[in-house]
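Just so we're aligned, residue 73 is where the sequence shown starts under the UniProt record's numbering, counting upward by one.
Notes to accompany the following structure.
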Amino acid sequence: QWGLNTNWLGKSIIHKESTTSTQHIAHDLATNHADHGTVVIADEQTAGKGRLSRAWYSSKNKGIWMSIILRPSIPPYLAPQLTLLTATVLADVLKKELKLNPKIKWPNDILLQDKKTSGILTEMQAEQDRIQYVVIGIGINVNHEPDDLAEDIQSKATSLKIETGKSWNMTELIQQILLYFEKTYEDFLDKGFSVIKEKWESYGYRIGEVTSIKTFHDVQRAVLTGIAEDGALLAKYEDGTIKKVYSGEIDWFGN
Ligand code: BTN
73 QWGLNTNWLG
83 KSIIHKESTT
93 STQHIAHDLA
103 TNHADHGTVV
113 IADEQTAGKG
123 RLSRAWYSSK
133 NKGIWMSIIL
143 RPSIPPYLAP
153 QLTLLTATVL
163 ADVLKKELKL
173 NPKIKWPNDI
183 LLQDKKTSGI
193 LTEMQAEQDR
203 IQYVVIGIGI
213 NVNHEPDDLA
223 EDIQSKATSL
233 KIETGKSWNM
243 TELIQQILLY
253 FEKTYEDFLD
263 KGFSVIKEKW
273 ESYGYRIGEV
283 TSIKTFHDVQ
293 RAVLTGIAED
303 GALLAKYEDG
313 TIKKVYSGEI
323 DWFGN
């Protein structure tokens with residue numbers, strides 16, 4: 073049915089017409105010993121989850137709503153690398169297969185023309201210093217018309233159809249994403265994070281540019297230089313120091 077060309081990723085695919093969230097299903101399956109590489113896909117989610125406890129709109133047959141179960145043997149603190157990896161996979165598919173010009177807005181929003189078309193939510197179950205499993209949730213707005221986007225996100229969200237003026241075959245997109253994912257994941261295990269870092273930075277939104285970064289006590293200007301091993305964003309301040317930025321502190325669309 074899915075016509076995959078992968079070796080292990082998506083060998084088992086659980087497909088639901090409608091569910092609360094593919095993340096929930098994936099957690100249940102993973103707790104019940106689902107294999108590394110199991111994939112859950114839904115046509116519709118009634119309680120899609122975004123990062124930072126936000127909702128993720130997942131209307132029926134408009135986009136790709138999918139979760140991947142992985143059992144990586146890396147320490148829990150390096151799990152953010154898998155999110156960055158996933159972002160490079162999505163950017164690669166959009167660029168190489170769809171000939172678009174995607175950017176990755178740190179940590180993991182995929183933008184087309186400065187608007188978000190895709191998000192990634194990574195959730196992990198770890199015990200002591202071992203990861204039991206990771207669930208990587210991928211949401212891509214594919215065939216939405218402008219009116220299909222919820223009102224509160226219309227100004228900052230988009231879809232592949234809105235950007236390209238045509239509808240896309242979602243099964244083909246899923247095939248490409250899973251194939252690129254498997255290859256990139258194997259590359260990552262083989263050669264380490266540097267391959268991901270380099271690629272991520274080449275897609276990085278406003279990398280090399282000056283932005284304002286807000287901390288508890290002030291706002292300072294800094295050049296965004298790249299990403300660190302632990303997933304932090306690196307910023308070079310006017311006094312020459314390079315610091316790690318962890319979350320929600322950047323004025324992305326101002327200066
Ligand atoms: C974000 O940008 O905030 C992350 C969005 C992640 C959405 C996907 S859709 C498939 C999976 N199931 C969910 O409930 N969320 C993720």
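For every residue, glycine included, the Cβ atom is placed at its ideal position computed from N, Cα and C.
State the beta-bridge partners of residue i as determined by DSSP.
{"i": "N213", "result": "G135"}
{"i": "V207", "result": "I141, E195"}
{"i": "K177", "result": "D181"}
{"i": "Q292", "result": "I285"}
{"i": "residue 332", "result": "Because the chain spans 73 through 327 in this model, residue 332 falls outside it and cannot be assessed."}
{"i": "R202", "result": "E199"}
{"i": "S190", "result": "I182, I212"}
{"i": "A106", "result": "Answer is none; A106 lacks a bridge partner."}
{"i": "I322", "result": "I285"}
{"i": "K121", "result": "A127"}
When the Cα of residue i is compared with those of the options, which residue comes out closest?
{"i": "A198", "options": "V282, S266, R143, V161", "result": "R143"}
{"i": "D107", "options": "W128, W80, K88", "result": "W80"}
{"i": "D201", "options": "D311, A151, W178, A159", "result": "A151"}
{"i": "L101", "options": "L193, I85, L124", "result": "I85"}
{"i": "N77", "options": "E217, V295, L250, G276", "result": "L250"}
{"i": "N213", "options": "V207, G191, I203", "result": "G191"}
{"i": "G303", "options": "A127, N180, D164", "result": "N180"}
{"i": "K83", "options": "S266, E254, D290", "result": "E254"}
{"i": "W74", "options": "V111, H105, V165", "result": "V111"}
Taking only beta-carbon atoms, is residue i less than 8 Å away from chain D?
{"i": "F325", "result": "Note that chain D does not occur in the displayed structure, where there is just one protein chain."}
If you follow the alpha helix (DSSP H) that residue i is part of, which residue opens it and which one closes it?
{"i": "V267", "result": "266-275"}
{"i": "E258", "result": "242-263"}
{"i": "Q95", "result": "94-103"}
{"i": "Q153", "result": "152-164"}
{"i": "I225", "result": "Taken as a continuous stretch (DSSP letters only), I225 belongs to no alpha helix (DSSP H), as it is neither H nor E."}
{"i": "E235", "result": "232-236"}
Can you tell me where the beta strand (DSSP E) with residue i in it begins and where it stops?
{"i": "K88", "result": "85-91"}
{"i": "I314", "result": "314-317"}
{"i": "residue 56", "result": "This structure does not reach residue 56, given that the chain is present from 73 up to 327, and the question cannot be answered."}
{"i": "K308", "result": "305-309"}
Within the present structure, is the beta-carbon of residue i separated from the nearest heavy atom of the ligand BTN by less than 7 Å?
{"i": "Q95", "result": "yes"}
{"i": "D100", "result": "no"}
{"i": "G82", "result": "no"}
{"i": "D220", "result": "no"}
{"i": "I210", "result": "yes"}
{"i": "W137", "result": "yes"}
{"i": "S130", "result": "yes"}
{"i": "L193", "result": "yes"}
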